[in-house]
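Asks:
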Amino acid sequence: EGYEFTSQKPIIADGQLFVGLALDETNQYDLSDERLQSWCEQILGEMAEQFS
């Protein structure tokens, strides 16, 4: 949500999930810090679920 892109490479087969972290330091640099924080929280949460 909130991303615009033309390549389909980062999309997994079902078309619903983006793989990795997309940052646009040229056009949306003001969103990078928030996106990075959110992504880290998501990864940590998923790891906690996986290994608990």
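Numbering (the working numbering), first residue to last: 142 to 193. All residues carry an ideal CB built from backbone N, CA and C; glycine is no exception.
1. Along the alpha helix (DSSP H) that carries Ala189, what are the first and last residues, could you check?
2. Across which residues does DSSP place Ile152 in a beta bridge pair?
3. Just to confirm, are Ser173 and Glu166 a CB contact at a threshold of 8 Å?
Replies: If we stick to the structure as given:
1. 173-191
2. Phe159
3. yes
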